[in-house]
Structure formats: structure tokens, C-alpha cells
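Below is one structure, written out as C-alpha cells; the observations come after it.
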Amino acid sequence: PTFSMATRLLCLLCAAVAAAALAPARLAATHTAQLMRTASRSGTVCMGNTNDFKVGLTIEFDNSVWRVQEFLHVKPGKGSAFVRSKLKNLETGSTLEKTWKAGEAFPDAQVDKEEMQYSYDDGDDMVFMNMETFEEERIPRADIAKNDFIKEEMLLTVLKWRGKAIDVQVPKSVQLKVAETEPGAKGNTAQGRTEKPATLETGAVVNVPIFIETGELIKVDTDDRKYLGRVN
14 PTFSMATRLL CLLCAAVAAA ALAPARLAAT HTAQLMRTAS RSGTVCMGNT
64 NDFKVGLTIE FDNSVWRVQE FLHVKPGKGS AFVRSKLKNL ETGSTLEKTW
114 KAGEAFPDAQ VDKEEMQYSY DDGDDMVFMN METFEEERIP RADIAKNDFI
164 KEEMLLTVLK WRGKAIDVQV PKSVQLKVAE TEPGAKGNTA QGRTEKPATL
214 ETGAVVNVPI FIETGELIKV DTDDRKYLGR VN
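To convert, take the position in the sequence shown, counting from 1, and add 13; that gives my numbering.
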């Protein structure tokens with residue numbers, strides 16, 4: 014059939030009106046789908062603020078993941094309080110000094126945790142294995158805090174962000190053998206000396222009482238790098 018120009022224009026106008034009416038619904042559906050994808054990928058986002066800062070805390074901003082290495086709350090005589098921080102990017106290894114407003118909010122990094130065993134070194138990387146699937150993950154040694162307290166076959170929690178292994182949680186206390194330390198000479202206590210350096214089997218160096226000898230098993234606080242006691 015032959016349509017007049019007026020009829021064609023009327024059809025085009027009706028189509029445009031229908032499309033405009035459907036646009037908000039389509040936009041809402043698209044937004045909902047994006048939210049569902051985000052939720053399924055990362056779960057509920059937990060927010061923190063600068064009052065929650067602690068060394069080792071993992072946070073997200075600028076579409077990347079960072080670990081808090083240092084921080085200082087500052088309350089000047091005039092003006093608003095703020096927080097100075099030093100952060101390490103767990104993707105690139107770069108560091109950043111950032112100043113925050115006191116109480117400023119940020120999203121906690123949504124990380125997955127997986128128990129893995131430290132297997133061996135591969136160049137500058139530490140290799141960890143899932144003992145159920147035998148899958149391996151490599152993390153640069155320099156990116157792992159307290160790496161000098163990790164020994165072979167130690168079971169640890171590996172942190173993953175967006176599917177990538179980014180860090181390892183080293184326990185607050187570990188038991189390690191003393192690989193080398195000088196003998197505790199008689200008279201040291203009388204001279205005021207009560208401690209001496211000791212190199213542990215993993216290479217970490219801590220101060221121990223002068224009576225500790227090479228080969229002894231000791232317990233160490235990995236956060237403060239302090240001797241906690243002998244292990245019987």
C-alpha cells in the first residue's frame with residue numbers, strides 16, 4: 014500500500030514518543046544490571062574512615078588497592094584535624110603519601126582469603142600453593158610485609174583482590190629456630206647487658222635474652238619484632 018507523507022511523519026512521531034517513554038525504564042534496567050554485576054563481583058561494600066587506620070589495613074581508592082604502612086593523626090592549633098598516611102599500592106608496588114580529612118571515609122578493600130603453603134622462591138617472587146588444588150600463586154617478596162618471618166611449608170592466608178594474589182597475612186606470633194647468635198658470656202648481666210641480636214632460620218634478626226643459644230626454638234612477635242619466650 015502507498016502511504017502519504019503525512020502518514021509517514023505521523024508514524025515516525027509515534028515511534029519517537031514511544032522510544033522516549035521507554036528510555037527511563039531501559040536506563041533503570043541498565044543501572045540495576047550494573048549494580049547486580051557489581052554486587053555479584055565484590056559483595057557488599059564496607060566503608061571505613063580514618064579513625065579505623067592501622068598499619069597493614071587494606072583499602073581501596075582510585076580504582077586500586079593499597080596497604081597502610083604509616084599514619085599520623087594531626088590536630089593543629091588552628092584549622093581542622095587531618096591524617097597523614099603512607100600507602101603502598103599492592104598492584105604496582107609504588108608508594109604514596111596522602112593526607113586525609115579527619116574522619117574521611119573510604120571503602121575497605123573487598124578481598125578473598127585462601128589458605129596456601131609457602132613452597133619456594135622463584136627469582137624475586139615467593140611461590141604459594143593451594144594444597145587441595147595444587148594451583149600456585151606468585152607474589153613479589155618485596156610486596157609482602159614481614160616476609161622475613163616466613164619459612165618453607167608454612168601455611169598462610171593469601172589475600173586476593175579481583176582474582177589477583179596481592180598480599181599474605183603473616184601470623185602475629187611465630188615459632189622459629191635461632192640460626193645464629195653469639196654465646197652469652199658470663200658477666201654480661203652484671204655489666205648491664207641483657208639482650209643480644211639473633212638471626213632466625215628465616216633470616217629475620219631480633220633481640221633475644223643473652224641466655225638464648227643457637228638452635229633453640231623461640232616464639233616471636235612479628236608485629237613488634239620482639240622475643241616472646243622459649244618454646245619447650
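Positions of the beta carbon are idealized from the N, C-alpha and C atoms, including for glycine.
Keep in mind the model is a prediction, meaning the values are calculated, not measured.
Fill in: Per-residue burial, phenylalanine 162 [other beta carbons within 10 Å of its own, 16 or more giving buried]
buried
Item to complete: Confirm, please, whether the CB-CB distance from glycine 61 to aspartate 137 is below 7 Å.
Response: no
Worksheet item: Using the C-alpha atoms, what's the distance from lysine 67 back to tryptophan 79?
Response: 13 Å
Worksheet item: Cα separation between isoleucine 72 and threonine 63?
Response: 11 Å
Discussion item. Along the chain, where does the beta strand (DSSP E) containing phenylalanine 74 start, and where does it finish?
Written reply: 71 to 74
Discussion item. Quick check on DSSP: helix, strand or coil for aspartate 161?
Written reply: helix
Worksheet entry | Three-way DSSP call (helix, strand, coil) for aspartate 13 in this model | With the chain covering 14 to 245 only, the question about residue 13 has no answer from this structure.
Worksheet item: Considering only residues of the same chain and omitting the five flanking positions on each side of aspartate 234, which have a CB-CB separation below 7 Å?
Response: Lys185, Ser186, Leu241
Worksheet item: Of the choices Gly228, Lys111, Lys126, whose alpha-carbon is the least far from that of arginine 175?
Response: Lys126
Worksheet item: Taking the alpha-carbon positions, what's the lysine 114 to valine 96 distance?
Response: 6 Å
Item to complete: Could you name the residues that DSSP lists as bridge partners for valine 274?
Response: Any question about residue 274 goes unanswered here, given that the chain covers just 14 to 245.
Fill in: methionine 139 to aspartate 65 span [Cα, whole Å]
Using only the alpha carbons, I get a separation of about 30 Å.
Fill in: Three-state secondary structure assigned by DSSP to threonine 108
Note: threonine 108 maps to strand in three-state DSSP.
Fill in: Straight-line Cα distance separating lysine 111 from valine 219
31 Å
Worksheet item: Assuming isoleucine 223 contacts threonine 212 under a Cβ cut-off of 8 Å, what Cβ separation, rounded to an integer in Å, is found between them?
Response: With 8 Å as the limit, isoleucine 223 and threonine 212 do not qualify as a contact, their Cβ atoms being about 15 Å apart.
Discussion item. For isoleucine 10, report the span of its beta strand (DSSP E) as first-last.
Written reply: Summary: the structure shown does not reach residue 10, with the chain confined to residues 14 through 245, and so no result is reported for it.
Discussion item. Quick check: leucine 169 and aspartate 180, are their CB atoms within less than 7 Å of each other?
Written reply: With respect to aspartate 180, leucine 169 sits apart: the two C-beta atoms are not nearer than 7 Å.
Discussion item. Can you give me the C-alpha to C-alpha distance between glycine 116 and proline 89, rounded to a whole angstrom?
Written reply: 15 Å
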